[in-house]
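Position in the sequence shown (first residue = 1) + 52 = my numbering.
The beta carbon of each residue, even a glycine, is placed where N, CA and C say it ideally should be.
Predicted, not measured: the structure shown is a model, and the values here were computed from it.
Below is one structure, written out as structure tokens; comments come after it.
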Amino acid sequence: MNSRRTAHARGLALSIAVGLSVTACTSADPAEPEGGAKSKVYGAPPADWCVNGVPSASSGAGELHRGALHDDFNGDGYSDVAFPSPHGDLSRGKARRKPGYVAVVYGSSHGLRISSKQIFDQDKPGVPGVGEPGDYYGSSVTTADLDQDGYADLIVGSRENSHDEAYGSGGYEDGQLRRYHWQGSLSVIWGGRHGLSGSVTLPSRATSRDGVGSLVAAGDFNGDGAPDVATQVRGGDLRVLSGPFGHDGTPAGGVHDVKGPRRAGMRDLATGDVNGDGVTDLVSVGETENGSTSRSDVLYWKGTPDGLTAGAALSGIHGPQDAGHAVAVGDVNGDGYADIVTNAFFEFVSVDSGGSGVEEQEYARKYRLPHLKSGAVIYLPGGKNGPDVEKMTMLNQDSPGIPGVAHEDSGADEEGGTEYFGAGVSVGDIDGDGYADVSVGIPQKDVGGADGAGSVLTMRGTAHGLTGKGAQLLTQDTGGVPGTAQAADAFGTATKIVDVDGDGHADLLAGGEVAPDGTPHGARGAVWVFPSTACGVTPKGSVVIGPSTLGAPKQFNSALGADFNS
53 MNSRRTAHAR GLALSIAVGL SVTACTSADP AEPEGGAKSK VYGAPPADWC
103 VNGVPSASSG AGELHRGALH DDFNGDGYSD VAFPSPHGDL SRGKARRKPG
153 YVAVVYGSSH GLRISSKQIF DQDKPGVPGV GEPGDYYGSS VTTADLDQDG
203 YADLIVGSRE NSHDEAYGSG GYEDGQLRRY HWQGSLSVIW GGRHGLSGSV
253 TLPSRATSRD GVGSLVAAGD FNGDGAPDVA TQVRGGDLRV LSGPFGHDGT
303 PAGGVHDVKG PRRAGMRDLA TGDVNGDGVT DLVSVGETEN GSTSRSDVLY
353 WKGTPDGLTA GAALSGIHGP QDAGHAVAVG DVNGDGYADI VTNAFFEFVS
403 VDSGGSGVEE QEYARKYRLP HLKSGAVIYL PGGKNGPDVE KMTMLNQDSP
453 GIPGVAHEDS GADEEGGTEY FGAGVSVGDI DGDGYADVSV GIPQKDVGGA
503 DGAGSVLTMR GTAHGLTGKG AQLLTQDTGG VPGTAQAADA FGTATKIVDV
553 DGDGHADLLA GGEVAPDGTP HGARGAVWVF PSTACGVTPK GSVVIGPSTL
603 GAPKQFNSAL GADFNS
């Protein structure tokens, strides 16, 4: 989801650099390549994996297969991508309403086609609602073929959408309006042969302060072959809309709530078949209350023929406050069970030479990670009984094979004291070897003399799980990458692994805040697109998409690049 991620996007100004067969355009935006020497791609593939850019016989790379696509809006066989700007405003006026918008770019044999772009907001004809300040249209987005017509549809959350309703009783005079604040909403934009068009509101039974749409995910939670939609509601519960869906948005299976851990403050949702029973499970990360204290947990709802069971925190997978912000699900070890990948920041703990808190000392000793406060990634394998807590592993930049060095204090974030290693987690098969790989952002990583410029790391999946061997590190100072690393760019705020050109190697998308003036307050948001080969991600042919590329205004704090569709 991704993501909704930890390092909150503060916007940016960019246009597109030519490459990846994307329509060329000229721009003077700051993320375009500038003069100066570029670094190499850190973490070159090991000799026993790739030789001269070709997979070795022992690498495990095999024949490439394309499966069914849940994100193909126009049915052409290529994955499409939606990236929201929940703080954005397309009005170009001076009112600065910032109701939010969602941009969509379609995949093709040559990658993302900028000429195909579409932008949706609540002021667009055919989209329900009216854009108002603070609606956060695009708070969360996901995809599924809700009406089962063969085309993926786009589900959009608007977490603070409010509405007025007339009452004639209960203390309200006839015609008097009562405002429902922050109830939130869900809507769907229908896919079709010519792409996305037409939109309806999904009946989510939202009431004041529910915050429907803040997080949204889709999957077949009861195994009936029809997609369902889940969203977070206040109190830590889920609201599930059970498909199939009519073209008016009505879910045939109705709308119902599923209990979660007490007062769980969820930060992300992901779906997948963790226990291999053919029914989609749901995973989240967030804070749960335990008496007068709170802790961060991985939360798990099992899918069954009767739908999702009540959610529970996984025993043994928890940490101090603010430990988990993003979660992704995919089969990293190729055993047929979806695995869970999440992050741990340890932002509000005292860490000194391996951690001074009991939990931090335990983690540091077990996983040999002395600098926990810089952040880490947690890998949790799936199995027939669900997530296998006993086989959990944790990695950061002190782990073998991972390039770079973990630092507990980033110059761009002295107060938090973390580089946010693990922000923007995504899972997908980059090299086409049959094992899902993992991408993570390190948005507060210092690059050269630029504090908080950020970087993105990819790690390989193997039969033994996630490994640092063959990991690759990219920054804006890497040769071939558009732009130049600047302070507070937060490159790596979000990541997404998706095969946009259909070649069997999932490509890498990375979001960043990009601050032309070197401060977080100057950020405007952008997305980098990196092609992939059998030897991993390559900066060659990479491009960057910003507001100018989309035909949108350059705005501070637009949050463009802070999230992608799940």
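Q: Alpha carbon to alpha carbon, how far is residue 395 from residue 443? Give it in angstroms, no decimals.
A: One C-alpha to the other measures close to 16 Å.
Q.
Threshold first: 3 residues or longer. Then list the beta strand (DSSP E) segments lying entirely within the stretch 158 to 192, N to C.
A. With a minimum length of 3 residues, the continuous beta strand (DSSP E) runs that stay inside the stretch 158 to 192 are 165 to 172.
Q. If residue 190 sits next to residue 179, beta carbons under 8 Å apart, how far is it from one beta carbon to the other, in whole angstroms?
A. The C-beta distance from residue 190 to residue 179 rounds to 11 Å, too long to meet the 8 Å contact threshold.
Q.
Would residue 316 and residue 335 be called neighbours here (beta carbons separated by less than 8 Å)?
A. Cβ atoms of residue 316 and residue 335: not closer than 8 Å.
Q: May I have the straight-line CA-CA distance separating residue 236 from residue 264, to the nearest angstrom?
A: If I take the Cα positions, the gap works out to 4 Å.
Q. Taking buried to mean at least 16 other C-beta atoms within 10 Å of its own C-beta, is residue 246 buried or exposed?
A. Under this definition residue 246 is an exposed residue.
Q: Ignore the nearest five residues each way along the sequence and tell me which others in residue 603's own chain have a CB closer than 8 Å to its CB.
A: Apart from sequence neighbours up to five positions away, the residues of its chain that approach residue 603 with a beta-carbon distance below 8 Å are 169, 171, ordered along the chain.
Q) Under a three-way DSSP split, which group does residue 618 fall into? A) Coil.
Q | Boundaries (first-last residue) of the alpha helix (DSSP H) holding residue 602 | A | That run of the alpha helix (DSSP H) goes 599 to 602.
Q) So residue 427 is in the beta strand (DSSP E); what residue range does that whole segment cover? A) Residue 427 -> no beta strand (DSSP E), and no H or E assigned at all.
Q.
Excluding the 5 residues flanking residue 354 on each side, which residues of the same chain have their C-beta closer than 6 Å to its C-beta?
A. In its chain, beyond the 5 residues on either side, 333, 361 have a beta carbon closer than 6 Å to the beta carbon of residue 354.
Q. From which residue to which residue does the beta strand (DSSP E) around residue 284 run?
A. Run containing residue 284: 280 to 285, per the beta strand (DSSP E) assignment.
Q) How is residue 277 classed by DSSP in three states: helix, strand or coil? A) Under the three-state reduction of DSSP output, residue 277 falls in the coil class, being neither helix nor strand.
Q: Assign residue 513 to buried or exposed, taking buried as 16 or more other Cβ atoms, counted over all protein chains shown, within 10 Å of its Cβ.
A: By the beta-carbon neighbour count (other beta carbons within 10 angstroms, threshold 16), residue 513 is buried.
Q: May I ask which residues mark the beginning and end of the beta strand (DSSP E) holding residue 125?
A: No beta strand (DSSP E) holds residue 125; DSSP gives it neither H nor E.
Q) Three-state secondary structure (DSSP) at residue 10? A) Outside the displayed range of the chain (53 to 618) lies residue 10, so it cannot be described from this structure.
**Q.** DSSP state of residue 592 mapped onto helix, strand, coil
**A.** In the displayed model, residue 592 falls within coil according to three-state DSSP, outside both helix and strand.
(Q) Comparing C-alpha positions only, which one of 206, 176, 187 sits nearest to residue 134? (A) Answer by Cα proximity: 206.
Q) Relative to the C-alpha of residue 379, which residue among 579, 121, 548 is closest? A) Here the closest residue by C-alpha is 548.
Q: Buried or exposed for residue 299, please, with buried defined as at least 16 other CB atoms from any protein chain shown within 10 angstroms of its CB.
A: Exposed.
Q) When you compare only the Cα positions, how much space is there between residue 165 and residue 596? A) Going from the Cα of residue 165 to the Cα of residue 596 covers about 12 Å.
Q. With a Cβ-Cβ cutoff of 8 Å, do residue 589 and residue 526 count as a contact?
A. Taking 8 Å as the Cβ cut-off, residue 589 and residue 526 qualify as a contacting pair.
Q: For residue 478, I'd like the list of residues in its chain whose CB is within less than 6 Å of its CB, leaving aside the five on either flank, ordered along the chain.
A: Excluding its 5 nearest sequence neighbours in each direction, residue 478 has C-beta neighbours in its own chain below 6 Å: 380, 491, 547, 548, 549, listed in chain order.
Q.
For residue 584 and residue 482, I'd like the C-alpha separation in whole angstroms.
A. Going by the C-alpha atoms only, they are around 6 Å apart.
(Q) Out of 296, 161, 543, 282, which one is the CA nearest neighbour of residue 496? (A) Nearest Cα to residue 496 within the set 296, 161, 543, 282: 543.
Q) Going by Cα to Cα distance, which pick from 159, 289, 509, 295 is closest to residue 311? A) For residue 311, the nearest C-alpha among the options comes from 289.
Q) Of all the options 319, 388, 131, which has the alpha carbon lying nearest to the alpha carbon of residue 326? A) The shortest Cα separation from residue 326 among 319, 388, 131 belongs to 388.
Q: Reducing DSSP to helix, strand and coil, say where residue 85 ends up.
A: The predicted model places residue 85 with a pLDDT of 31, which falls under 50 and marks its position as unreliable, so this point remains unresolved.
(Q) Can you tell me whether residue 252 is helix, strand or coil according to DSSP? (A) The answer is strand: DSSP assigns residue 252 an E or B state.
**Q.** Whole-angstrom C-beta distance between residue 562 and residue 139, which should lie under 8 Å
**A.** 19 Å between Cβ atoms; not a contact.
Q: Spell out the partners DSSP gives residue 431 in its beta bridges.
A: Answer is 393, 445, bridged to residue 431.
Q: Run the CB neighbour count on residue 87, radius 10 Å, all protein chains shown included, and call it buried at 16 or more, exposed below.
A: Caution is warranted here: a pLDDT of 34 is assigned to residue 87, below 50, making its placement in the model unreliable, and no coordinate value can be reported.
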